[in-house]
Structure formats: C-alpha cells, structure tokens
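*Asks:*
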Amino acid sequence: MGSSASKPSAAAPHVWKAPAPAGVSHNLVEQLESSPETDMSRQQALELQVQARVAEELKRLRAAEAAKLQETLKSSSSSDEQQQQQQENGISRQKVQKEIEALRAKLQEHRKVRELPESTETARSEVVRCLREHDRRPLDCWKEVEAFKEEVRRLEKGWVDKVVA
93 MGSSASKPSA AAPHVWKAPA PAGVSHNLVE QLESSPETDM SRQQALELQV QARVAEELKR
153 LRAAEAAKLQ ETLKSSSSSD EQQQQQQENG ISRQKVQKEI EALRAKLQEH RKVRELPEST
213 ETARSEVVRC LREHDRRPLD CWKEVEAFKE EVRRLEKGWV DKVVA
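Residue numbers (this note's numbering): 93 to 257.
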C-alpha cells in the first residue's frame, strides 16, 4: 500500500510515449516535453479567463441596472408633473376622496334592510315556535314551513315585478 507515492513528484518531466509512430515532427514532441506548462498552470489560466468574463458580465449588468434606474426616475418625475397638471385641471386627491365617500354613503343607504310585512313575520315566528316545541321531531313542522315558503315566494314575485317594470 505504501510502496508508491500517491502524488507524482513535481519535478518529473512529461514524457509522451505513443504505441505507434506519430505523424508529428520530432521538434514538436520535444517542445511539448520541455514545456513548463502543467495542468495546474492551464487550470489557473482558465480560471483567470472565467473571472474576467464574469467581471465583464457584472459590469454590463450594472450598466443596464443604472439605465433602468435612470428611466424609472424620469418616469416618476413625469408622474409628478402629471399630478401637478391634474391639480391645475381641478382634479385633486381630496375631490376624488369626497366622491368615493359619497358613493359609499349611497351604497350603505341601498343596503338598508326593509321591514318584512306582518304576514311574513308571523309565518316566520310560527316556524320558530313549532321547531322549539318539536325540537326532537322537526319534520312535524312541515305545514308552518310551507306557509313561510309561500310568503317568501309572494315577496320575491313582488320584488321581481318591481325590478322588471
């Protein structure tokens, strides 16, 4: 296990041995063998190239971001100008807020629940009374429920006739 080194020594020269004669000149083979360039130096050179490309891309992105920021600032200043023009034209935030409040008040006015007619209220109270009396047998209140449904149908029909007319 420990008979050979796990890492090759740094001083060992590069020796290229081909199984067959290569079609390259002897000078090229000697030049490659005597070259001081190692895997580590190639890796470092590649790393430097990658870092340069990353730096260049970051520079481009920063420039694009700065341009977008300038554009946003210009558009916000133009929106400030539009607000000033709207105020000059008579449209202001306060006027719009007052209109919204007036519309809300109208909406609340329309939401008011009208009192039910006496006949509907009586039918409703009869259903409630019957259900309380027959709390274990609610199906015994079918007559009261039918009377209440009939009153509701009458109210709905009157409402539809009023809306359609």
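A virtual CB, placed ideally from N, CA and C, is assigned to each residue, including glycine.
Note that this is a predicted model, so its numbers are computed, not measured.
#1: Whole angstroms are fine: how far does the CA of THR130 sit from the CA of LEU150?
#2: For the alpha helix (DSSP H) holding LEU247, just list the boundary residues, first then last.
#3: So, helix, strand or coil for LEU208, using DSSP?
#4: Using the three-state DSSP reduction, which class does HIS226 fall into: helix, strand or coil?
#5: For CYS233, I'd like the list of residues in its chain whose CB is within less than 7 angstroms of its CB, leaving aside the five on either flank, ordered along the chain.
#6: Whole angstroms are fine: how far does the CA of GLN189 sit from the CA of ALA158?
#7: Buried or exposed for ALA215, going by 16 or more other Cβ atoms inside 10 Å?
#8: Which stretch, first to last residue, makes up the alpha helix (DSSP H) that contains SER126?
#9: Count the other CB atoms, across all protein chains shown, that sit within 10 Å of the CB of GLU236; report buried if there are 16 or more and exposed otherwise.
*Replies:* This is what the structure holds:
#1: 30 angstroms
#2: 234–256
#3: coil
#4: coil
#5: VAL219, CYS222, LEU223, HIS226
#6: 37 angstroms
#7: buried
#8: 118–126
#9: buried
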